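Residue numbers (my numbering), protein chains in the order written: chain E, 888 to 1285; chain C, 888 to 1285; chain S, 888 to 1285; chain U, 888 to 1285. Glycine included, C-beta positions come from ideal geometry on N, C-alpha and C. Source: prediction; values computed, not measured. Reading through the structure tokens given below for one structure.
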């Protein structure tokens, strides 16, 4: 393994002098609105000195009472119930789209066309075709664009990336990833929601969970050559929460797939919302010529690593490395070793990176995922659905 | 979960009276010859009272010096260098085939036709077609036949079987299994051996490791409807150990596959000999409507279990159960709880079962795998190879 | 185990109406200053609606340049280099003492006498005697006082507390706790610092790490009857960081102790800064009549639990419970299950509790530790030192 | 870490030529009789070529029917109900004492005086004084003597010993060991048995479980300077199994202690039979200047190891090493890596060593524990009881 894998310090040279402000417009005030806003609020003092200071200009949602409360809660200057009004606001320089999947494309494209930098939740769109319109619009507008594949910004994942890129693992043979949750199982009583409707969500476990591990496959291993998949919808009808009857579940509850990479590696990808006892169990293992890596999102501060030939052979074994040293990715900004960070911190790292790209005109890639990466993930999502339908290997043409 | 899942006590009613002897002929004196012989020698006093006492009649191998030494070491009455001589010996009632894959069919068939009960290492044969000839011969001869899928006889696996059969997990959604080893990686220096030649081995990781997890899929979940697979041979040429040049590796080093079960469950199966740091890493996870199970062969005495709704919800989580209580499968014969057993014990359980079937004319199935099960696993192995070739889902017709 | 153990929702009834502000003065801008300030900044929007909104009035430290920078970074209205000036500021209602141990007593007492509520880092003081002066001063002043034993506010620890208090574990037999770190080992190159000088620190591993597990012993199990201890200083002299020579280490690098509780339980307490590979390894195990609990700070979101008699016996074992459900302590304020939180969150919970106590005139105990608890921990710390000296059991008289 | 730590191959130079026989007399046919006999039966073919072939001459127990059955089961030539008859048999060369504690001294001394080599279960005796008489008798008789501290013969423990002895860990700072079981808890319904009576057992958890970890402390770290302890008897009266009323428990159910080693290291020792969920949980951690080791008997094939400075620092962490490679202690005799062994194998290793010592006139120490080691452990056991009584540190004078 090479010394000095050279992790990028997020917040660079601006320690002295004026730190610019970036006006933020946030679409969505629920789960993702909360997670992104928390990140914007922590960046100025935790990623210190930050590349820019996010100015919380406005937040947008359909329910006026709720969005007004959210504005008060988080300290946004104003709120909107129509995203067009938010985009019309000149103070907004960064448009953050945390809305449901069917509301990704139109606002993102409009924002880009209005010259806003755009940050968008994953999956970028419901289909690859839709994702491509977004990517092309953002590219044409010349704005910075990024899709919120936040697991790239887990310190252990960034470390894995640096190790693989440095050649420390040698040739890669295997990539296996599962993303297991349980919240659609019958005993959980989940009603019919937008995530279960193909029109609003595009797909189910594939787009929601699968997109994350597809992106990590791209990030860590590289281009995918082909996939084969089975999908299942275990519960086909669910009651609406408001008692207005039942709706048809039109997306996959789960998928399993094989994957062949262009570099010769093979692997499996699987995601489900029907794995009893698995809360947010994203587990990845990579086997290479010189070592292996294993990561579990539920133990977000750990990376299991095996090195071929480096250790005294009597005590070789997987190292359970606590990724929390000052020299670990992103950790110089946090706490002493062993004082753990969590899931929300990935957004702090990710949005700091985006601010850095905006202010210092840096490329979002390779550390972050831009709309092209969002499109690429969508191509694979579409291929999984097509393979499940045709029962054939689907070649990937990005 | 129901009380009293009713684990079979292996050694039953023969505590008093005469215990019959069964003459054993053992083909092979290396890894499997040692493992099976050890089991035969432990059965009389550890599975006490045993259903029968194995009498070690003869051992067979091609190298006379080595096989003579093995006979002395283990206490076999005699030895042979030609298996036909062993089968001709009337004292041999149980023929145990621990030879390489291409020597499974002919001796097993001849033994069956000579009226010997036949125990055969896995995979039963190089192809499903070959396996079928063995199954049909054994059936026609009216002898007992069993294939050494010994992991069915791990206490934790038997417990998993009983739990699933009792309905404790409800409907099954997912089965995922990997069997990872590392011994073909370049740094291990493994030469060209019979296991890497399609003529002698039939297939590579598929038949050697994959057959185990395919059999467990059959045992625990049931019939497979279809599979899709990729295979890889990462190192295509290897030197012979004797310095006589290099040979072509004509089998798979690794495979990944998706699997659809007839009961609606989906899953993944994967095996490789290129997973750095993984020694004998057979890991299975099953997710059902009422719970999940997870097993790792490297922690052979443990079963991780999650129950939906049974536990106080504040402390729900996977139970790390030590499978070593007197009421656990097979454990009444062993030690106090927490005094662990290992891999070799699976053969003690398995061969005790076979002796019980012979002496008491019991069915080898469902607890054990008979030649039909060996054939069924071979059908899936063939399908994996076919799918890797055709890039399509292959439907399973047993 | 009883249903509905009734975890307190932190932020209660103030959702509507005016939320009061509490002016904060923060002594210290390094590790603890950062951790506490981060908590103050997150409380208003994450513990929403908060019992009070912390107003960051002033921050204090000896280095003017550094403290001015900290004020800018965190948004304090002003800064001081003398804590007396901070206490003189009427806008400061809550004095937060994150200074070194020898600067706990005087500022805390002065603040209390000036009518400020006082929050103080642990250990409360260098000796029990000093701690008592602080407790008495705070009591006499009628202000709220709290010592930062933040691990009481780990969700898993709070859950452990509720379980034990509810009787779910029955009679307690054993409590064993270790707190292992490695940062004083020779290869780490740590210079002579205030923590290694008895005059400034009071003690070493005992006061720094031991105080945490002593407080958890008090919180979870109850009064201690007696202790016996050995201490060691493995490196007796260290160089000053500024090159001005070497200083004598006058505190313990490590201690081991036995502990007898008044309720009959016995246990061990140990802390060290010489445990290679242990970063922040605080591990606690409790064995009771009806079950066992195990917690590891490095896996802060997990609690291992064993229940006697509750589970199906075939699959009994320690439950690895992910403490991240909406019904788990403090979690209603955070993220969906499995989206982990970290070490910094303990301060958010803890300071929210303190604000709640101030605004709503609630008792700091039993959930939080007040100065009496700080004193009680100091009594045990002193007893450990005395026992190491006298080689006898020291009875605890709080 | 040094290369070539030089693990002793158990079965050495006797591959050719005549292998001598050693006549064995076994006192006890229950738990230990079974475990030792199993070892004797496996040695000839698994530790091949063995230093000697154990000849099972006789087995002894008080219940004639049971001991006769045991003789049949295991293949002993004869049986006795009085150990004096066994010792009088000239065919017995190795007397193996697996009886209860109060029957260790007299038979062992008589056997030694009759010129038999003596193997004795632990604890060697009920008190140090009694143990000394045994040691002196064996020494005077010039026979080989060994006490069954079988955990020295766990491959991972032997590896730990070699690593420490080679200096790989440098100076040792800490040793902590627990041995936790649960079988005396009320819900287990254990009746009054000889192990709970001071007259027959000597002590409780101290002699039964504590002796094991004391011996490992001696084996791995060295001489103990002093100890301090608390003991508890949680259930003071128990019913006899035969319904004849209740008896007083006169031994400790649990103890906790601190330990100071002569080399400056400090640690804790604890054992209990009241740890809910802990089956056979012997866990040891050692922290040294250059690394740390951790072992858990319930995962008998694993050793967790941390090396200071050896690994690439980004991925440092505890290695979970599977101790099952051909080059690991004792493993050349067993199976391919990852094919696990268990608890019973420790006796195979241990008794092979004793046979080797007998036949080749080798010293039992340092790999094995002789009666002096049994005495030394008893000295510490006595000191724990004395400290619990006097509430003082007791200095150890072996």
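When C-beta atoms of the stretch 1113-1125 of chain C are compared with those of the stretch 1135-1143 of chain C, three or more pairs fall below 8 Å, so the two segments count as touching. Put simply, of S:1238, S:946, S:1247, S:1137 the residue whose alpha carbon is nearest the alpha carbon of residue 926 of chain S is S:1238.
Looking at the DSSP output, residue 973 of chain U bridges to nothing. For residue 1064 of chain E, the beta-bridge partners assigned by DSSP are E:1156, E:1171. Check the Cα spacing between residue 1051 of chain U and each of U:1012, U:1109, U:1264, U:1148: the tightest is with U:1109. Excluding sequence positions up to five before and after residue 916 of chain U, its CB lies within less than 7 Å of the CB of 946, 948, 953, 954, 957, all in the same chain and listed in chain order.
Taking the Cβ atoms as the reference, residue 1256 of chain U lies roughly 6 Å from residue 1102 of chain U, within the contact range of under 8 Å.
In chain order, 1162, 1163, 1164, 1165 make up the part of chain E whose C-beta sits under 8 Å from the C-beta of residue 1179 of chain C. The beta carbon of residue 1053 of chain S sits no closer than 9 Å to any beta carbon of chain U. DSSP links residue 913 of chain C through a beta bridge to C:946, C:983. Residue-level contact by beta carbon fails for residue 1094 of chain E and chain S, as no gap is shorter than 9 Å. DSSP, reduced to helix, strand and coil, places residue 1135 of chain C within a strand of the structure shown. Per the DSSP secondary-structure output, residue 1113 of chain S pairs in a beta bridge with S:1147, S:1282.
For residue 1208 of chain E, the chain U residues whose Cβ falls inside 7 Å of its Cβ are 1202, 1203, 1204, in order along the chain. The DSSP assignment places complete beta strand (DSSP E) segments of no fewer than 3 residues inside the stretch 1013-1073 of chain U at 1032-1034, 1059-1067, in order along the chain.
Listed by position along chain U, the residues whose Cβ is nearer than 7 Å to that of residue 1153 of chain S are 1117, 1119, 1141, 1143. A distance below 9 Å separates the beta carbons of residue 1059 of chain C and residue 1150 of chain C. Interface criterion not met: the Cβ of residue 1077 of chain S is under 9 Å from no Cβ in chain E. In this chain, the beta strand (DSSP E) harbouring residue 1179 of chain E covers 1178-1183. An exposed status is given to residue 1081 of chain C, since fewer than 16 other beta-carbon atoms sit within 10 Å of its beta-carbon. Think of a sphere of 9 Å around the beta carbon of residue 925 of chain E: the chain S residues whose beta carbon falls inside it are 929, 932, 933, in chain order. According to the DSSP secondary-structure assignment, residue 1191 of chain E is paired through a beta bridge with E:1181, E:1207. Of U:1009, U:912, U:1069, U:1225, the smallest CA-CA separation from residue 1195 of chain S is found for U:1069. Taking a 10 Å sphere around the C-beta of residue 1131 of chain C, we find fewer than 16 other C-beta atoms and assign the residue as exposed. Between residue 1040 of chain U and residue 1236 of chain U, the alpha-carbon positions lie close to 6 Å from each other. According to DSSP, residue 1119 of chain U shares a beta bridge with U:1141. About 36 Å separates the CB atoms of residue 1164 of chain U and residue 1241 of chain S; that is not less than 8 Å, and the two are not in contact. Around the beta carbon of residue 1285 of chain U, fewer than 16 other beta carbons lie within 10 angstroms, which makes this residue exposed.
Closest in alpha carbon position to residue 1011 of chain C, among C:1056, C:1258, C:1133, is C:1258. Against chain C, the CB of residue 1168 of chain U has a partner CB under 9 Å away; the residue lies at that interface. Collapsing the DSSP output to three states places residue 1256 of chain E in a strand. Contact note: residue 1192 of chain C reaches chain S through 1202, 1204, using a C-beta cutoff of 8 Å and chain order.
One alpha carbon belongs to residue 1211 of chain C, the other to residue 1188 of chain C, and they sit about 7 Å apart. CA-to-CA, the gap between residue 935 of chain C and residue 987 of chain U works out to about 24 Å. Cβ-Cβ distances below 6 Å link residue 1276 of chain C to nothing in the same chain once the five nearest sequence neighbours on each side are left out.
Shown here, residue 1214 of chain U sits in coil according to DSSP, grouped into three states, outside any helix or strand.
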